[in-house]
Structures are given as structure tokens and as C-alpha cells.
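Take a look at the structure set out below.
2 protein chains.
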Amino acid sequence: MQKLEKISENNLISYLTKNFRRSPEQINALQESDAELIRIPGTDSVLAVTTDSIAEEIQSGLYDNLYLAGKMAVLANLSDLSAVGAKPLGLMLNETFNPGTCNGNIDLLQKGISDACLEANTFILGGDTNFSDKTQIGVTAIGIISDKKIITRKGCGPGDNLYSSGKLGSGNAFAFSKLLSDKQNSGFPFNPKCRIEEGQLIRKYASCCMDTSDGVIATLDQLMRINNLGFEVVSEMNDYLNSDVLELCKKNSLPAWLTLAGIHGEFELLFTIPEENTDLFISVANLINWEPVYLGKVTGEPSVILNINIVMTPLNTEKIRNLFSYVNFDIHEYLKELLIMDKTIEEHKEYENETCR
Amino acid sequence: MQKLEKISENNLISYLTKNFRRSPEQINALQESDAELIRIPGTDSVLAVTTDSIAEEIQSGLYDNLYLAGKMAVLANLSDLSAVGAKPLGLMLNETFNPGTCNGNIDLLQKGISDACLEANTFILGGDTNFSDKTQIGVTAIGIISDKKIITRKGCGPGDNLYSSGKLGSGNAFAFSKLLSDKQNSGFPFNPKCRIEEGQLIRKYASCCMDTSDGVIATLDQLMRINNLGFEVVSEMNDYLNSDVLELCKKNSLPAWLTLAGIHGEFELLFTIPEENTDLFISVANLINWEPVYLGKVTGEPSVILNINIVMTPLNTEKIRNLFSYVNFDIHEYLKELLIMDKTIEEHKEYENETCR
């Protein structure tokens, strides 16, 4: 059994909540759902609630304009509602401004927020405003599930098919272009889609679902720990990475799998469909003009295995997930360590090729 | 008509939300409810949602231990649910830590949060953790109203009786003792009560309700603007200020009404009961061992009139509410200006006495 607590982020959550009582109306266990699922007394409906702040992303310069920060604050929360297939009722805003922020920047931030709401046909319901040195945007999203069918991060079985809601890698490619490369990449497009409609379909056919807000490998690792099962991503990266991502990797000699390893995700949904539901699911998906991206299979052994250049490569996902905190959140050290990991993998492959000969 | 926008805080809210669309399921208008009220599609229930962060209170040293900060973060939000008479379903946490915060302080904070939840028999449902220089605790509270009877800040009529859920002044007395006086007062007790049960009663009998989180005068001023009516507080302060508050004022020669004027409230509920409901309301309140505190009457003229030393004194509530931002959030200047206002009132009274003679 791969323990959740081996991952520093999970460990922190366990520590913070160790003395909290859980609501008897709460359906999901700690860590096991992207949004909290609460029965609404006296009804058959279930409330889905999630909260997420944009803080470090502003301070690090990753979201260096407030329009993007506002848009992402909304999208990150809607992404969690998507992962449980909830219909949004609306969002609560918790904005912390530096008192020196000019009206122009506040307008940009609010426009990012309202554009993202408009795109998802949802609403800001209310909020609170605070002042501090550091700008920060907190959002809490509230959604509803009316038909009693629940999906969480837990529930897949060996042999289930693993899909993504869309092509992958753009979150980390954007972060690389913004923070780590020279100017020629800084225009890398980052426009995560809102997957609310897709999430409602996934809820009906899938056995588990989680969004890739922390990157694809972190998502697979978390699903592995929660389900005590593994994932074999048999598809080739050319088939499931975004074409812009592939181009950026080529141009910068960046190993493509690092766009799955980094912690700035693309806000797609990873989900598993039992074999017997797969044909029906795919045809219903096509009805809403959506083409889920096939990645691979759920396996009985808890491990994450990636097809890296046609070699099925088991990954040390614990090390990958803890790496950013291990390097004290130094983004340059982080990339350096990831590149060392890539080199080790490549050397290992050469060694295997040697012994095969 | 006293415009909402004359108050800088209201003005900021209008500015921030000017381009936001409102949900067709939202019952309350902007500013007109302590918690947002949203119809839950497919049910007869109404969701009540509110969000409030503790940020400035930590930075100013007002909440100089994290146990109190945690407790108040929960209580401030539950107070908003109380004001609409909702039953809490639970709370979402949004914690921002300084990376240097020691485990002992984190434990204190979490204990404040869980103690406040236990007291109100509610639960933390989930949350998000961020890191920044400045510690900040955001909470979003979610509650439910199942019986279709709604109360907001709007709806009182001339002649209605004005009550408070408990004795007043402790919020500002605490702030004075903490930030403005010498050490001898620093142990001033500040233990706001959770008014969830009372709120559910108020909802059934009252015509409007608002909590005093920003102080009593700010609350009356806001209700005045929203209802375009006035309030005459005929009761004497000795009868409705907390005895500890009266003692602190005496010891520090502080005019007692300033504990209603300051912006750090006591988290009681101010509400209005139509004359015809009053007897029944009071007897039902007594059944749960609760004694609402009588303050005065709703009047037809939009003004706030306080009984200051047996003289009915109209207050410039616009000036009082805008004062803290007017003095650039300098707490010492703020007190100085409030004392000048008090002196003007006293001189005016002497002048009136002169002319009466």
C-alpha cells in the first residue's frame, strides 16, 4: 500500500485536520474527492463545495497579470466541481488587495473573474475584501448534484480505461515559458477549458475522476494511493500532449514527459471508465462534440508507468511530487533535478538495451 | 434617501461588482443580506452562503494569538448565517501561512477553529492551504433554510421594535483595551456568542436582521440606508451595554457610546420585530432561555438617534462610518477624531440646555 502521507502536501493536510470532526452528512473521506460532497438534509440533492486560492502564482510572477489571475481563480474552482460532475450554483470571492493596487489592475482582475464566470454560465454570489501587502484571490465554488449518482477519486478497478478530458501538458509548458526560458517562448498560450459539461457526463459512466490542477503525474500518483492500484499510460506522448507543448519541448530540448511531471497543471480531468461502459461513454461524448483522449489502463499493482519513447517506464512519483518542496520551492533547482531524473531514466534505458543485445 | 454609496465600504463593493451578472436564483439584492440566499433548483430549500477573512485583525495585532484568530474566523461567518436564520451545513477553510509559522502556533489556530465549530455543532468540510508572508484565515460558511421563510436586512417598518440579541459594546471595548490603552486593560474578556439558534427564531418573527460585526452604529446606518427608515435607540446605555464595557469606559474616561461607534463589533444581531409579533416573539425567546435586549423603535425619517446621557442625539453616521478610512486606518488618529466628535456632541447639548433655560 502506497501511503498518502508519503507526499508532503497530503501530510500537511492530515496534520492540519487531525483534530477536526467530520460532518455526518459528508459523503467523501478526506483527500478522496476534488470537491467536498455534502447531503442536503430533507432533499435528495448533494452539495459540492470546493475552495482554492491564487496566491503563490501571483507572487512567483507565474500569473503576472491580474486578468489571468482572476480567470484562473474561477477556473481552478470550477475544475474541482467538474471533477465531481456538479452543476455550479455560483462562487464566493475572497479578495485581498495591496492598498496600492491601481484601479486599472483591479478592473483587469474583476474582468478575468467575470469573463470566466460568463464562459461557464455561472455567477459571483458574494464576497469579502481585505487589504494586505500581498494580492491574493480566494474563491469558493458551490455546485449541486441532483440525481444521486456520485463520483469521487476512489472507485476504479483493474482493467478500467484511463482517459483525459483533453490534450495535456500546457500548464507546465506555460510555467516553463514564463519562469524558466528566455523571452522567445513567453507568449505560450494557456487557456484551460472549463469542463463542467464533460464532468457531468463523466460522473455517469466513470469509476473515478480527478482534475490535473497539480500536474498529470501528481494526479495519477494521488489516484494510485487512494485506490491502491496503478496506471499504465500506454499511449505515446505525441498522441496526448498538446501540439504547442510538443513544439515548445522540441525547441528547448526539454524532455516532453516533464510537462506531465511539473506541478502547474492544465486543469483537465483524468478519469477511468470500466470496460463495459466504454463504448457507450465514447458515443455519448461524441454527441456533445467532445473527444476524450485515451491514455491507458488501470493495473492491479500500485505504480505509475509511462510510455517514454516507446519504453514502458515506471516512475518514482513520490520523489517527483515531493521535489518542489525538497528544493525549497526554488524553480531553477526544481528543473535541474527533474532533468537529472530524466537523464537517469535515459541511462537506465541504454543499460537495458545493452543487456538485451 | 440616504445613499449606500456615501459609505466608502459600500462604494468599494459597488465598484468591484459593477460588471458582475447576478444569478437568477439569488433572492437577495447586493448589500441587502448578511449571507447570500440562493434557491436550490429542484427543492424548496434555500442555500445561505457567506465568506469572511481574518487578515487585518492579525496584522494590526488585534488578534495577537492565533487561537483567537481561528475562533473569530469561524464565528464571524456563523454570525452571518445567524443573521439570516440559516442552519449551518459546514465551513470551508482557506488558510494562508507564513512559511516560518511554528507547529505550536498552527496547532493553536486549528484548535481555535475546531473549538468554535464544536460550540456551534458544525464542521470544517474542506479547505485550501497557501503560503505567503502574511498569515490570513478565510472561511466560507454554508447553511440551509428549509421552510421558505426568508429574512434579510430589508423589510422593517416604522413602529417596529428594535432589539439586540445580547448586550453590546464588547467588540470595541476589546479593541480599545488591546490597541489603545495601557496594559491594565489588556485582559478585557471578548467571547462573542454564536447566535445560530436565536437567528432561527428571529427569522420567523422579525422584519429585518443584521449582525453587528462592524459595530452597532455601522449596522444601524446600513439598515437605515437599505430601508430608507430611521432608528431611535431610546434605551439607556446602562441597560444595553455589557457591564464589563461600562466598567472599562468608566476606568478610562471613555464616552460609552464610542463602544457602539468603533468598527470592531461584538457579533450580536440587531433586528426589528413588528409590534403585533412582539409579545409572541418574546415569550418564544424566553422558552429557549434567551432574553433579547430592547433598544428602541424604527422611525419614518432616515436617521440614527441615540440616547446619550438622557438626551436623544442624532448622529452623523456617515462621518462615523467613513472615519477610519478618512484617517488612513491610523487607530490613534481614529480615537482622537471620535473623541472630538464626542466633545462636539457634549458642547451642542450644553448649548441646547442654555437656550432652553
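Protein chains in written order, with numbering that gives the first Met the number 0: chain G, 0 to 356; chain V, 0 to 356. Ideal Cβ placement from N, Cα and C applies to all residues, glycine included.
{"Check": "Just how far apart, CA to CA, sit residue 152(V) and residue 208(V)?", "Outcome": "5 Å"}
{"Check": "Looking at residue 195(G): is its Cβ nearer than 7 Å to the Cβ of residue 81(G)?", "Outcome": "yes"}
{"Check": "Give the range of the beta strand (DSSP E) segment to which residue 135(G) is assigned.", "Outcome": "135–144"}
{"Check": "Strictly under 7 Å for the Cβ-Cβ distance: is residue 6(G) near chain V by that measure?", "Outcome": "no"}
{"Check": "State the start and end residues of the unbroken beta strand (DSSP E) segment that holds residue 46(V).", "Outcome": "45–53"}
{"Check": "Going by C-alpha distance, which of 180(G), 16(G) and 190(G) is nearest residue 124(V)?", "Outcome": "16(G)"}
{"Check": "Out of curiosity, what's the CA-to-CA distance linking residue 363(V) and residue 181(V)?", "Outcome": "Past the edges of chain V, shown from 0 to 356, lies residue 363(V), and the structure says nothing about it."}
{"Check": "When the Cβ atoms of the stretch 312–329 of chain G are set against those of the stretch 287–301 of chain G, are three or more pairs found closer than 8 Å?", "Outcome": "no"}
{"Check": "How long is the line joining the alpha carbons of residue 340(G) and residue 313(G), rounded to whole angstroms?", "Outcome": "12 Å"}
{"Check": "Is the Cβ of residue 317(G) closer than 7 Å to any Cβ of chain V?", "Outcome": "no"}
{"Check": "For residue 204(V), which option in 275(V), 96(V), 268(V) and 157(V) has the closest C-alpha, if you only look at C-alpha atoms?", "Outcome": "275(V)"}
{"Check": "In angstroms with no decimal places, state the Cα-to-Cα distance between residue 259(G) and residue 147(G).", "Outcome": "33 Å"}
{"Check": "According to the neighbour-count rule (16 or more other Cβ atoms, all chains shown, within 10 Å of its Cβ), is residue 347(V) buried or exposed?", "Outcome": "exposed"}
{"Check": "Can you pull out the residues from the stretch 51–64 of chain V whose beta carbon lies closer than 8 Å to at least one beta carbon of chain G?", "Outcome": "51, 52, 54, 55 and 58"}
{"Check": "For residue 78(V), count neighbouring Cβ atoms within 10 angstroms of its own Cβ and tell me buried if that reaches 16, exposed if not.", "Outcome": "buried"}
{"Check": "Look at the Cβ atom of residue 74(V), then the Cβ atom of residue 140(V), and state whether they are nearer than 7 Å.", "Outcome": "no"}
{"Check": "Among the residues of its own chain, which have a CB less than 7 Å from the CB of residue 271(G), if the five just before and after it don't count?", "Outcome": "155, 159, 160, 161, 205, 206, 207 and 297"}
{"Check": "Please name the residue, chosen from 302(G), 186(G), 246(G) and 169(G), that lies closest to residue 228(G) on a Cα-to-Cα basis.", "Outcome": "302(G)"}
{"Check": "So residue 241(G) packs on residue 169(G), CB below 8 Å; how close in whole Å?", "Outcome": "5 Å"}
{"Check": "For the candidate residues 231(V), 342(V), 245(V) and 248(V), whose alpha-carbon lies nearest to that of residue 306(V)?", "Outcome": "231(V)"}
{"Check": "Could you list the residues in the stretch 144–155 of chain V with a C-beta less than 7 Å from some C-beta on chain G, going in chain order?", "Outcome": "145"}
{"Check": "Buried or exposed, going by whether 16 or more other CB atoms sit within 10 Å of the CB of residue 193(G)?", "Outcome": "buried"}
{"Check": "Is residue 109(V) helix, strand or coil by DSSP?", "Outcome": "helix"}
{"Check": "Show which residues of chain G have a CB atom less than 8 Å away from the CB atom of residue 199(V).", "Outcome": "Near residue 199(V) there are no residues of chain G at all, since even the closest Cβ is about 14 Å away, more than 8 Å."}
{"Check": "With a threshold of 8 Å, are at least 3 pairs of Cβ atoms found where one atom belongs to the stretch 17–35 of chain V and the other to the stretch 120–136 of chain G?", "Outcome": "yes"}
{"Check": "Ends of the beta strand (DSSP E) at residue 130(G)?", "Outcome": "123–130"}
{"Check": "Taking the alpha-carbon positions, what's the residue 68(V) to residue 117(V) distance?", "Outcome": "16 Å"}
{"Check": "Using the C-alpha atoms, what's the distance from residue 90(G) back to residue 280(G)?", "Outcome": "30 Å"}
{"Check": "Does residue 137(G) come within less than 7 Å of chain V when only Cβ atoms are used?", "Outcome": "yes"}
{"Check": "Does any CB atom of chain V fall closer than 7 Å to the CB of residue 91(G)?", "Outcome": "yes"}
{"Check": "So which of 3(V), 7(V) and 39(V) has the shortest CA-CA distance to residue 28(V)?", "Outcome": "3(V)"}
{"Check": "Label residue 70(G) either buried or exposed according to how many other C-beta atoms from any shown protein chain fall within 10 Å of its C-beta, with 16 as the threshold for buried.", "Outcome": "buried"}
{"Check": "Hey, residue 136(G) and residue 52(G) are a contact pair by Cβ (cut 8 Å); roughly how many whole angstroms apart?", "Outcome": "7 Å"}
{"Check": "How would you label residue 250(G), buried or exposed, when you count the other beta carbons within 10 angstroms and need 16 or more for buried?", "Outcome": "exposed"}
{"Check": "Taking residue 39(V) as the reference, which of 131(G), 145(G), 109(G) and 49(G) has the closest Cα?", "Outcome": "145(G)"}
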